[in-house]
Amino acid sequence: MAERGFPLTRRMLKAFVISIIEKSGRSTLFNMEKGPSNKWVNKLLNRHLELSEKLPEQQDKARRRMSNVTVVDQYFKLLVDTVDSLGLPNKPNQIFNCDESGFSGKEKSKEKVLTLKGSHSYQQKVLVHGHITVHMCIAADGHVLPSFLIFDGCLPHRSFKDGVPDNWLYGSSESGYMDTELFENWFDKVFIPFCGTRRPVLLIFDNHDSHISIDLIEKAKANNIHIIGLPPHTTHLLQPLDVAIFGPLKEKVNQLSVTLGNLNKCATIGKAKFPALLSTAIDQTTTLARVKESFRKSGMYPVDRSIIPNSQLAPADFNKSEKTNKETTDVDTTTITSNELQESTILCHCCGNTISYVKEIEMSINEPTENPLVTKNLIPKSLADVLLPPANPSLAKKKTSSKIITEARVITGDEMLQKLQSKRDEAVKLAEEKEERKNRKS
């Protein structure tokens, strides 16, 4: 259950133990109403050293589904093949990772404070005026490229470059987030000039639409820059910036903000002053050693699949095939029998992979049984069906939908370029047809 994102708590464990005893008919010294004691659970953990008790990390469903063995294995195979074909196994200064992170003052501090015993402790939040995005790029040899700051609305009216490196880039968007035009601007004015003169170069980033365009791919190919897009929802494991850079950076920004609040009794950091604060935080956290360690911990350089333990991944129990994909799109819910259901497959609406039905599903339909969590009153019977799985979209009537990206891919490949060009040509054609119909009516 833990592999599926639903680990057991002590209460659940006790309920399942009592259920097993009841079904087996064994005699027991346990209180059948309360279940095993905490002392018994502690002894169980001491006997099985592979088990431990810890606070779980919250993770959304899409991230859990995509962080599976199949997806990660495919990514590392692509990474190994690309690095080897480019001759980069021993050239960390030619392997880069870039991404952006936002600042709005909502970051939480992990630093403890001193207070009187028995009293509540409150800390006033020091907010950043608006939303500001920082786009960073790091190399596997530890060096950091100039940062790119994106403000919401417009650039600050007052001087905002004091105390900031001269080679930083600035831009703005309506929301303060990255878009395609801004990313192309960064690629042209920061990455190409500062990534060095040695070629080829490998740049790795997430598969977000704002990072991918025809102009970007053409510029990259012209400069012998090769780009790989990470699998969706896996950057917390596979991207150096997310693994070891952005977390400490945000914590340092928060620490500096709170300290400034105590110094000046101010609760807001203006847009014009934030770049200097961020620059200080980057200098204090993004060290040569930490950048190198971020690449190592993500398995990006040196390329190492074993650095991502399978215990952090969902099991690889759903594999795609053309046959099953075709069958699932043509299935009608009114013609499925229980025997067919046992051997059918469905398309996961979160990650795009196929999931096989197992016999237990048929059993649960024909012979419903009450879960021990219900019989032991951990969940009221009236709430037992609240979290039933949603209806599978592939079993409903057919409808066209956009393709879900489920794996890493080479962004600078000819296939990607042709796909984007076809999409652009189709959009132009539709716009022309729309304009033509409009002219006919007028």
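According to the UniProt record's numbering, the sequence shown is numbered sequentially starting from 1. Backbone N, C-alpha and C fix where the C-beta goes; we use that ideal spot for every residue, glycine too.
{"Asked": "One or two residues paired with Met136 in a DSSP bridge", "Found": "Asp99"}
{"Asked": "Per DSSP, cross-strand counterpart(s) of Ser173", "Found": "Asp152"}
{"Asked": "Euclidean distance between Cα positions of Lys292 and Gly163", "Found": "26 Å"}
{"Asked": "CB contact flag (Phe148, Leu114, <8 Å)", "Found": "no"}
{"Asked": "Euclidean distance between Cα positions of Pro146 and Cys98", "Found": "11 Å"}
{"Asked": "Segment contact flag, the region 186-197 with the region 210-221, C-beta cutoff 8 Å, min 3 pairs", "Found": "yes"}
{"Asked": "Alpha carbon of Lys70 to alpha carbon of Ser175, nearest angstrom", "Found": "As written in the sequence, residue 70 is Thr, which differs from the Lys given in the question. In a straight line, the C-alpha of Thr70 is about 36 Å away from that of Ser175."}
{"Asked": "Beta carbon of Ala15 nearer than 8 Å to that of Pro380", "Found": "no"}
{"Asked": "Continuous alpha helix (DSSP H) assignments of at least 4 residues falling wholly in the region 253-302", "Found": "274-285, 288-297"}
{"Asked": "Same chain, Cβ closer than 8 Å to Gln284, neighbours up to 5 away in sequence not counted", "Found": "Lys252"}
{"Asked": "Leu383, buried or exposed, once every other Cβ within 10 Å from all chains shown has been counted against 16", "Found": "exposed"}
{"Asked": "Buried versus exposed, by CB contacts within 10 Å (16 or more), Ser306", "Found": "exposed"}
{"Asked": "Opposing strand residues paired with His226 [DSSP bridges]", "Found": "Leu202"}
{"Asked": "Any non-hydrogen atom of the ligand SAM within 7 Å of His208 CB", "Found": "For the ligand SAM, the structure offers nothing, since it holds no ligand at all."}
{"Asked": "Helix, strand or coil at Gly247 [DSSP, three-state]", "Found": "helix"}
{"Asked": "Nearest residue (CA-CA) to His211, options Asn439, Thr412, Leu430", "Found": "Thr412"}
{"Asked": "Distance between Met66 and Pro36 (C-alpha atoms, nearest Å)", "Found": "36 Å"}
{"Asked": "Sequence-distant residues of its chain with Cβ nearer than 8 Å to Phe96 (five each side left out)", "Found": "Cys137, Ile138, Ala139, Ala140, Leu145, Phe191, Cys195, Val201, Leu202, Leu203, Ile204"}
{"Asked": "Within 8 Å, strictly: CB atoms of Pro165 and Tyr301", "Found": "no"}
{"Asked": "Distance CB(Val410)-CB(Thr82) smaller than 8 Å", "Found": "yes"}
{"Asked": "Reference Pro7, options Lys112, Arg199, Ile245, Lys54, closest by Cα", "Found": "Lys54"}
{"Asked": "Anticipated Cβ contact below 8 Å, Gly229 with Asp206, distance rounded", "Found": "7 Å"}
{"Asked": "Integer-rounded CB distance, given that Ser298 should sit under 8 Å from Val243", "Found": "5 Å"}
{"Asked": "Own chain residues within Cβ distance below 6 Å of His236, not counting five before or after", "Found": "Asp242"}
{"Asked": "Buried or exposed (CB count within 10 angstroms, at least 16 for buried), Asn254", "Found": "buried"}
{"Asked": "Rounded straight-line distance, which links the Cα of Ser101 to that of Phe246", "Found": "7 Å"}
{"Asked": "Cα-Cα separation, His349 to Thr406", "Found": "Reliability of the predicted coordinates at His349 is poor, the pLDDT of 41 falling under 50, and the value obtained from them is presented with this limitation in mind. Taking the straight line from one Cα to the other gives about 11 Å."}
{"Asked": "C-beta contact flag for Ala281 and Leu256 at 8 Å", "Found": "yes"}
{"Asked": "Exposed unless 16 or more other CB atoms sit within 10 angstroms - verdict on Pro232", "Found": "buried"}
{"Asked": "Reference Gln418; option with closest CA among Lys438, Ile214, Thr259", "Found": "Ile214"}
{"Asked": "Span separating the alpha-carbon of Glu433 from that of Asp425", "Found": "12 Å"}
{"Asked": "Rounded separation between His157 and His135 - CA only", "Found": "21 Å"}
{"Asked": "Where the alpha helix (DSSP H) through Arg437 begins and ends", "Found": "414-441"}
{"Asked": "Top-ranked residue by Cα proximity to Ile33, from Arg11, Ala408, Ser52", "Found": "For clarity, residue 33 is Glu in the given sequence; the question names Ile instead. Comparing Cα-Cα distances from Glu33 to each of Arg11, Ala408, Ser52, the minimum goes to Arg11."}
{"Asked": "Neighbour-count burial assignment, Gly240, 16 or more Cβ in a 10 Å radius", "Found": "Rather than Gly, the amino acid found at residue 240 in this sequence is Pro. Pro240 is buried by the Cβ-count criterion."}
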